[in-house]
Amino acid sequence: MATKPGLPSLLTLRPFPFIPSFQEKFSNQFTTIKRSDLSVPLNEFLEKECQSVKALIGGGRTAITKEILNCLPSLGCIVLTCTGLDHIDLDECKKRSVAVCNAGTVFSEDVADFAIGLLIDVLRRMSSADRFVRAGVWPIKGEFPLGSKLSGKRVGIVGLGSIGSEVAKRLKAFHCTISYTSRNKKPSVPFSYYTNVVDLAFNNDVLILTFELNRETFHIINKDVMTALGEKGVIINVGRGALIDEKEMVRCLVQGEIGGAGLDVFENEPHVPEELFGLDNVVLAPHKAVLTHESFSDLHELVISNLEAFFSNKPFLSVVKYD
2 MATKPGLPSL LTLRPFPFIP SFQEKFSNQF TTIKRSDLSV PLNEFLEKEC QSVKALIGGG
62 RTAITKEILN CLPSLGCIVL TCTGLDHIDL DECKKRSVAV CNAGTVFSED VADFAIGLLI
122 DVLRRMSSAD RFVRAGVWPI KGEFPLGSKL SGKRVGIVGL GSIGSEVAKR LKAFHCTISY
182 TSRNKKPSVP FSYYTNVVDL AFNNDVLILT FELNRETFHI INKDVMTALG EKGVIINVGR
242 GALIDEKEMV RCLVQGEIGG AGLDVFENEP HVPEELFGLD NVVLAPHKAV LTHESFSDLH
302 ELVISNLEAF FSNKPFLSVV KYD
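Plus 1 on top of the position in the sequence shown (first one is 1) and you've got this note's numbering.
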């Protein structure tokens, strides 16, 4: 564990992927504590080396549990490089007055772009067409199967937060009929609101999932929702894998009970159900909707700004509000 005298120290539980231009800036402002010997149990490392640590950087796959918090008695701030909070024990953080900052709206536009890209890909069979050409079967089989246009589709957004709102902006350009379900109805939004996902699915051709994952939204897309969506319906998921009952979705896709899916997230990442690999009406991505050069640059600025705010006792830029 190397520290630099006079610089605030912080703990990183997983490597933070720095853009080279930010590496020097970060190292000039902070010193990081890392567990270099992975043979040492995490709790033992934390109890021995991190009793005075006040700030922690975590990512989407870094579970921050009550047990970890117990090992960090001086912790005052957690800065996340992701938006989702399903891996953080927020109740414990609140009890201990530990501030939590996430990525805020940094990724919203990029994820919305990706969601629309997945939807167009599924409807127009772009990835399938690419495979068709590369396999050399165009001269043999001739015409490629017809797709379906996005323009004019009825699209239901499951979760009209910052990402869902950006998705809606893009769908308006395609003259789609937009509706949504969310924790609460938004008075300033002109779209139709449904109080439950089953009704939303029944009245739409497409569902786009942008909800956060929590106890209430786990498997919110279940058999009833997929039945309501119907055999021509399409599901796009850029939220969290466990928003969907994945086994039921796979069954519905294989049996032709829903029309297609574009999936950037999965229930047991990085493991993806093998039944999906042979389906031409399914587009798969490795949880990369957030990753662009631009979003990473903005993320690094936000992380540094939140850490600067914490160590100088100034307002955070993207603090999570506790219920």
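Ideal Cβ placement from N, Cα and C applies to all residues, glycine included.
| Check | Outcome |
| --- | --- |
| Every unbroken alpha helix (DSSP H) inside the segment 102-149 [4 residues or more] | 109-125, 127-135, 139-142 |
| Stretch pair the segment 250-258 + the segment 119-136: three plus CB contacts closer than 8 Å | no |
| Buried versus exposed call for Asp38 [16 or more other C-beta atoms within 10 Å across all chains shown] | exposed |
| Boundaries (first-last residue) of the alpha helix (DSSP H) holding Cys94 | 91-96 |
| For Leu254, the first and last residue of its enclosing alpha helix (DSSP H) | 247-256 |
| Boundaries of the alpha helix (DSSP H) in which Lys162 is found, first to last residue | This sequence places Gly at residue 162; Lys is not what is there. Note, Gly162: premise wrong, no alpha helix (DSSP H); not H, not E. |
| Burial state of Gly143, where buried means 16 or more other Cβ atoms lie within 10 Å | exposed |
| Gly234 versus Leu208 - alpha carbon distance | 8 Å |
| Simplified DSSP state of Val321, which is helix, strand or coil | coil |
| Extent of the continuous alpha helix (DSSP H) run through Thr228 | 224-230 |
| Selection from Ala64, Phe115, Leu43 that minimises the alpha carbon distance to Ser296 | Phe115 |
| Cα-Cα separation between Gly165 and Val159, rounded to whole angstroms | 8 Å |
| Neighbour-count burial assignment, Val41, 16 or more Cβ in a 10 Å radius | exposed |
| Inter-residue Cα distance where the pair is Gly148 and Arg126 | 6 Å |
| Member of Phe27, Gly242, Leu81, Phe46 whose CA lies at the smallest distance from the CA of Glu68 | Phe46 |
| His294 classed as buried or exposed, judged by whether at least 16 other C-beta atoms fall within 10 angstroms | exposed |
| Which listed residue (Val291, Asn185, Asp200) has its alpha carbon closest to that of Val156 | Asp200 |
| Three-state class that DSSP yields for Ile236 in the structure shown | strand |
| Proximity below 9 Å, CB of Gly231 to CB of Gly260 | yes |
| DSSP state of His294 mapped onto helix, strand, coil | helix |
| Three-state secondary structure (DSSP) of Val284 | strand |
| First and last residue of the uninterrupted beta strand (DSSP E) at Ala262 | 261-264 |
| Residues bridged to Ser193 (per DSSP) | Ser180 |
| Per-residue DSSP class, three states only, for Val168 | helix |
| Member of Pro21, Lys95, Val54 whose CA lies at the smallest distance from the CA of His301 | Pro21 |
| Contacting residues, own chain, Cβ-Cβ under 6 Å from Phe278 (five flanking each side not counted) | none |
| Thr66: CB within 8 Å of a non-hydrogen atom of the ligand SAH | As far as ligands go, the structure on display features none, and thus does not contain the ligand SAH. |
| Extent of the continuous beta strand (DSSP E) to which Ala202 belongs | Premise fails: Ala202 lies in the alpha helix (DSSP H), 198-203, not in any beta strand (DSSP E). |
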